[in-house]
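Heads up, the thing below is written out as structure tokens.
Protein chains: 2
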Amino acid sequence: MCKMIALFTLAATSAFAVDGGPATPLRGYTSEHSALEIQWEQKFRAMPDTARLRENMRRLSARPHHVGSPYDKDNAEWLLAQLKSYGLDAKIEVFDTLFPTPKTRKLELLGPTKFVAKLDEPALKIDPTSDQKKEQLPTYNAYSSDGDVTAPLVYVNYGAPSDYEQLEAMGVSVKGAIVIVRYGQTWRGIKPKLAAQHGAVGCLIYSDPRDDGYARGDIYPDGPMRPSDGAQRGSVMDMPVYPGDPQTPGIGAVPGAKLIPLAEVQTITKIPVMPISYEDAKPLLLSLGGELVPENWRGSLPITYKTGPSIAKAHLALVFNWDRKPLYDVLARIPGSTFPDQWVIRGNHHDAWVNGAGDPISGASPELEEARGLGELLKQGWRPQRTLLYCFWDGEEPALLGSTEWVETHAEELSKHAVAYFNSDGNGRGYFRAEGSHSLENFINSVTKDVEDPETKMSVWKRERLVSFSHAATEAQTELRSRSDTRIGALGSGSDYTAFIDHLGIASVNLGFGGEDQGGGQYHSIYDDFYWYTHFQDTDFVYGRALAQTAGTMMMRMADADVIPFQFGDFAETIHTYVVEVKKLADTMRSQIKERNTEIADGVYKALEDPKKKRIAPPVEALPPYFNFAPLDQASDDLTAAAADYDKALAANASKSSVNPELIRAERALLDSTGLPNRPWFQNMIYAPGFFTGYGVKTLPAVREAVEQKEWKGVDVEIARTAAAIERESVLLRAATQTLSAGGQ
Amino acid sequence: MCKMIALFTLAATSAFAVDGGPATPLRGYTSEHSALEIQWEQKFRAMPDTARLRENMRRLSARPHHVGSPYDKDNAEWLLAQLKSYGLDAKIEVFDTLFPTPKTRKLELLGPTKFVAKLDEPALKIDPTSDQKKEQLPTYNAYSSDGDVTAPLVYVNYGAPSDYEQLEAMGVSVKGAIVIVRYGQTWRGIKPKLAAQHGAVGCLIYSDPRDDGYARGDIYPDGPMRPSDGAQRGSVMDMPVYPGDPQTPGIGAVPGAKLIPLAEVQTITKIPVMPISYEDAKPLLLSLGGELVPENWRGSLPITYKTGPSIAKAHLALVFNWDRKPLYDVLARIPGSTFPDQWVIRGNHHDAWVNGAGDPISGASPELEEARGLGELLKQGWRPQRTLLYCFWDGEEPALLGSTEWVETHAEELSKHAVAYFNSDGNGRGYFRAEGSHSLENFINSVTKDVEDPETKMSVWKRERLVSFSHAATEAQTELRSRSDTRIGALGSGSDYTAFIDHLGIASVNLGFGGEDQGGGQYHSIYDDFYWYTHFQDTDFVYGRALAQTAGTMMMRMADADVIPFQFGDFAETIHTYVVEVKKLADTMRSQIKERNTEIADGVYKALEDPKKKRIAPPVEALPPYFNFAPLDQASDDLTAAAADYDKALAANASKSSVNPELIRAERALLDSTGLPNRPWFQNMIYAPGFFTGYGVKTLPAVREAVEQKEWKGVDVEIARTAAAIERESVLLRAATQTLSAGGQ
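If you read the sequences in order, they're chains A and B. Taking the numbering used here, the leading residue of the first sequence gets 1, the next gets one more, and so forth. Taking the numbering used here, the leading residue of the second sequence gets 1, the next gets one more, and so forth.
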């Protein structure tokens, strides 16, 4: 591949000029630097090697490697040795965090026909790592409280707020019950949180075959999907309040850090919660009485899904070891030649629930290949202008522990120095996907135009863009085609970018490939291992290579630029769409409440009464007041103007690197140090995981959630706080424009 | 109840004045006649008796009573005796029609693991009529061709046109295969028709538990839903071409009628077809290879649904008796005192696939109670102005035989005399529903305001209207509230109104109650019987009573009016919505084809290629031309104006009965004697069952289907023909307005 690269000359500007339009220099680069950069990037993209990617995965997923396990530490040490062998300056940072593991797990159905849940994923002969019983964590939910409860069961679908409204309308209460809820839609930690809020005393989360079992494909080992005894481990900590070590909120859990007592921890569940397989769930679901559930509540078990309650009682008993365990974050540093105090950061976690070939090694292995590739470039004379940090986080699975504690520990330095954070996690075969800060949207578009999709040989950018056309609604297609940058989504939570973007306001991106295989079938089970991944996922590792090529190019292009290549036009335009959305949301909620009140007055609920069914009509509700959205409208317009001026000024002054310190603060301007309502750790006023969705993002979260949660009194206050954050961004951009336009470098 | 009625005085105008607004006379009635009518109607509505409704059902469903069975004739004779006992002039009309029954039914899966389908619905101890094996028809599809085929299986979802497009995109052909298709969405006769058109050699139609089995409720006998061995009998004749006796299209199958040879019959299927249970379907579905089907193709069996083909071959062998059997239509006549040549017709079939308590006796039993009630009224002195006909059709199940042959036989008289036809079929518990001619929309609204819903005690009209609010999309709610008449749907096919409205252009309505119970669970099985109905449906027969009250009031109010109470404002407004729809349809199809062509050119299908899956990109398609919708727009406007003038004139001349002969021709004006493209039997240019949906209506069918089927060259021709029919209606209404406004009676 190196020979081919030699054919490119300084005149070439893009490996895929066809997608990039006319040959202009890379954003934030002088023409000369741009041409050089393109050459180095091309060299880099020839480096990642599918055989090495495969071998990295084999090695890292050979044994279970959860927090506190011997192989977790072993992997960290191996990663360290690898990074050092590439010629990089690497080290391990150790933290100490709460990590509960189960001592007792018991689930049985009492009553006429007794049933005792198996709670076990059996080893499969064909799958060589599935029998490592001694090292495997059993199926459990981390940060569930201890508990021993006996109660009837009630089925609550996905356990989202709307599901409880539905149950209420059907006259079914979960008070005093153990809820049985299916995985999916909301983040799993939301399920016991809402169940407890509604008075449930226990929570069982099962994997319905409709969501990741036989309904979606052949089950393992014939196919990739979850077998009948498979269960999904996972954290149920209340991370939308704060992630990381529950005993050290907001500060780094370095050895010796001051701990808040366990009893005072807010983020541990209020009720015991456990994941179960659909084989274990079936007798429980069959025991339910009550009415047939609504159509969209039905799974794919061959049963009649009912709400419950059950006549038979279930008994759930859970006891945990509440130990603190060491974490091993592995970090490599490539110092910047020109701007050593400007840090570009890359991360992927290395810990898993069990063997974790897909989650996270399919992302960690490419990250390691990137580091190797950059080590090679250094040997060939490449000198990045900025400092690059390559991080391999420990403890992501329980609670984003490794990244959160590291960010909290180094908060002050990071606030000063961090330019951007590029995250990945499990990776698969198919289409590129990215979510992140919209000041990086244009940058992501620019990089993906230069990476080749291994299957279609078109650029990764073009493939994603074309596929988005085919998925879009008719009305959206024109907008998609007319916009030169493909939109990226916003970041909620679910991986290690959280502390970077939400706590410290560091521009972040989460990226990866997927969509062609059914990727989630073994999520957090013992079968997410090398055999499974190499039979049913990115089996020849060409998308692992594409990830390394994409993320590595991003790291280089961000590190080498003369001026940090943020672009604020896309950001301002996206903010405008969010403002339109929250205004519409308020109007929609007002008209929905008005409509429902009218229906109550008209007698619609009386008309719907059925003597054979229980139906509870909703109460009349006060209409929300009208809100003063003017500050947001103003801020959005101001930002649009400021961004346009900035982007124009940059085009004329691409070498004016004195603007970089201001740009580093650009995403920080979006923070409000008092944080979001009821969760001060989350300070970004533009992006946050939803308080009741967990994974799902809420943009302009303070405003949006005040409206959604009907906290009418708070809405105007949150509009003002959010508008102020956006205005701070405009002020900063105006100053940056000044800097660009003034004389000197 | 009669005592209460005595309290009403001549001044009362409506039993539910609260729904009716200010007390104005009934439409088409003088004030005096209106007041009298209201009194008679109130007396009538006190007549239907739930104990008699129950006993009628017990008697009529006591044994299997399909066409040609002893109990079918027995029931006809019993109905005749009942009608005579009410003092009515009644008779039986006999027809002679083709009715195939099975001699041989065989289905097996050959190959590694042989499976032989059971093809049997077992008797249940608890259900006393389920064991009448000797009299039960086995599970089969009537008018399937004979056949003996051995071929691989392919799953085609519901077997609709879009399903075959999906298969094509996935590179799967049904050529030479036996298709396995699930019941639902399209009418069952469409399934083998489309399968044969795509080259299949056989067709198996199974009942997926998602559609009417355990997914929808407890299975029989614990609940109302289809058990694992239950199968749905039913006709697969190509009725969208013409219904009725296949050997006498367009003419009455009276004994001795000229028959076309069996070999020349168009409406018998081209391939053998048989219904099966999900227990029999499961091994067949499990034998399928190929890819996972799309999400909306998946049923509720605990399997991975795949497209096929299967490696194992299936063997299907069917031989039928192609006998002609006698039909017994039972008819009662109440002669009109003033306008004996103006006929108001009521019908419900009496034949069933097996015992048929739900289908059709839950509708036939109320019809019989209506006849009894009217007999009582006659004894009390009521004299209807028009002639009433009460019909109990035979042979509806195989092919609407009894109604079609009767209509064809009496076509000339009916064209002259028929005012309106009121049909019902199976009836259930819950909300009123009606579809029909929109010249009757206002009339239906007016009658249902005067019938009490047995559960909520509000009017049937009000309940239905309020429930429609709760189901409507936000945008539709305002329109629903602002419109004084609740909309009725249009008539497709599926019951005995077909020949009336589609062949002869007689204003028709199909009405009934339902929606609170899962009604379809035993559809066309041996378990649709008295035990099932009285345990899981309208168990106390109060909705049977409501049906008798509603339909009986309609018959009386239509028969007693001075001027036939058609209203054309609603009709014109509805026609306008259809014109808007077909114009939008053409635009949507044009932009969809344009968008797809763009996607092909852009490389979207290349971007979607997956080396692990077969994907066939669609070909570029020529864009449809623009059509001349001007004649339809003009006709719609002309009709709106003519209808407004007519309705105004009627309000001022409610006693001008000389207009009635013109009104009788109003719906006839919508006929075009050359019929719809490829199906001349269907002559109504406004309403028809879809050529590829069967049950589902197509309004302005000649235009709409030309567009849908991309018969671009025919569109302008069909627009002109349809517009001409609407213009004929306007001309007729202008003449009627003249008649109303001229001097004299």
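All C-beta atoms in this analysis are idealised placements derived from N, C-alpha and C, irrespective of residue type, glycine included.
query                                                                                                                                                                   : result
Look up B/H198 in the DSSP assignment and say whether it is helix, strand or coil.                                                                                      : coil
To which residues does DSSP link B/S310 through a beta bridge?                                                                                                          : B/L288
Okay, do the region 279-293 of chain A and the region 105-114 of chain A touch, 3+ Cβ pairs below 8 Å being the bar?                                                    : yes
Strictly under 8 Å for the Cβ-Cβ distance: is A/G21 near chain B by that measure?                                                                                       : A caution first: A/G21 carries a pLDDT of 45, below 50, which makes its placement in the model unreliable, though a value can still be read off. Not one chain B Cβ lies under 8 Å of A/G21.
Could you please give the first and the last residue of the uninterrupted beta strand (DSSP E) stretch that includes A/D72?                                             : That residue, A/D72, is in no beta strand (DSSP E); its alpha helix (DSSP H) goes 70-85.
Are B/V201 and B/V149 close, meaning C-beta to C-beta below 8 Å?                                                                                                        : yes
In the DSSP assignment, what residue or residues form a beta bridge with B/H315?                                                                                        : B/E108, B/T150
Use the C-beta contact count for A/P516: other C-beta atoms within 10 angstroms, 16 or more gives buried, fewer gives exposed.                                          : Checking the displayed sequence, the identity of residue 516 of chain A turns out to be Glu instead of Pro. The residue is buried, with at least 16 neighbouring Cβ atoms inside 10 Å.
Using CA atoms only, rank isn't needed, just tell me which of A/H66, A/Q567, A/T139 is closest to A/F99.                                                                : A/H66
Please report the distance separating the alpha-carbon of A/A90 from that of A/L124.                                                                                    : 38 Å
Taking its Cβ as the centre, do 16 or more other Cβ atoms sit within 10 Å of A/V620, making it buried, or is it exposed?                                                : exposed
Tell me the DSSP secondary structure of A/P275 in three-state form.                                                                                                     : strand
Use the C-beta contact count for B/P384: other C-beta atoms within 10 angstroms, 16 or more gives buried, fewer gives exposed.                                          : buried
Express the C-alpha separation of B/D502 and A/F691 in angstroms, rounding to a whole number.                                                                           : 58 Å
When DSSP labels each residue in this structure, what does B/A17 get in the three-state scheme?                                                                         : For B/A17, the predicted structure reports a pLDDT of 41, less than 50, and the residue's modelled location is therefore unreliable. A value from the coordinates is still provided. Helix.
Is B/P102 helix, strand or coil by DSSP?                                                                                                                                : strand
I need the straight-line Cα distance from A/L204 to A/P272, nearest angstrom please.                                                                                    : 9 Å
Taking B/P551 and B/L511 to be in contact with their CB atoms under 8 Å, please state how far apart those CB atoms are, rounded to whole angstroms.                     : Note that residue 551 of chain B is Ala in the sequence shown, not Pro. Going by Cβ atoms, the distance from B/A551 to B/L511 rounds to 6 Å, so yes, they are a contact pair.
Using a Cβ-Cβ cutoff of less than 7 Å, which residues in the same chain neighbour A/R590 once the five nearest sequence positions on both sides are dropped?            : L623, P624
What number of angstroms, rounded off, separates the C-alpha of B/F422 from the C-alpha of B/F536?                                                                      : 27 Å
Should the region 298-306 of chain A be regarded as contacting the region 209-216 of chain A, the criterion being three or more beta carbon pairs within less than 8 Å? : yes
In the DSSP assignment, find the unbroken beta strand (DSSP E) run with B/D602 in it and report its ends.                                                               : Element bounds for B/D602: not the beta strand (DSSP E) but the alpha helix (DSSP H), 569-602.
Apart from the five residues just before and just after A/G696, which ones in its own chain have a Cβ nearer than 6 Å to its Cβ?                                        : G492, G690
Leaving out the 5 sequence neighbours to the left and right, which residues in its chain are closer than 7 Å to A/D529 when beta-carbon positions are compared?         : S61, D127, T129, S130, N355, A357
Are any of the Cβ atoms in chain A nearer than 8 Å to that of B/T474?                                                                                                   : yes
Which of the three DSSP states is assigned to B/G696 in this structure?                                                                                                 : coil
Under a three-way DSSP split, which group does A/H438 fall into?                                                                                                        : helix
Rounded to whole angstroms, what is the Cα-Cα separation between A/M554 and A/T448?                                                                                     : 9 Å
Cβ closer than 9 Å: which chain B residues qualify as neighbours of A/E609?                                                                                             : E455, T456
Using C-beta distances below 8 Å, list every residue in its chain close to B/L167, excluding the 5 sequence neighbours before and after it, in chain order.             : V154, V156, S173, V174, T307
Are there three or more Cβ pairs, one per stretch, closer than 8 Å when the region 386-398 of chain B is compared with the region 577-590 of chain B?                   : no
Would A/R590 count as contacting chain B if we go by Cβ distances under 8 Å?                                                                                            : no
Is A/F682 helix, strand or coil when you go by DSSP?                                                                                                                    : coil
What separation, rounded to the nearest whole angstrom, lies between the Cα atoms of A/G21 and A/A643?                                                                  : Reliability of the predicted coordinates at A/G21 is poor, the pLDDT of 45 falling under 50, and the value obtained from them is presented with this limitation in mind. Straight-line Cα distance between these residues: approximately 22 Å.
Within 8 Å (strictly less), CB to CB, does A/A17 reach chain B?                                                                                                         : Because the pLDDT of A/A17 is 41, which lies under 50, any placement of that residue in the model is unreliable, and the number read from its coordinates should be weighed accordingly. A/A17 does not count as touching chain B.
Could you round the C-beta distance between A/G199 and A/G234 to whole angstroms and report it? I think they count as a contact, below 8 Å.                             : A/G199 to A/G234, Cβ: 24 Å. No contact.
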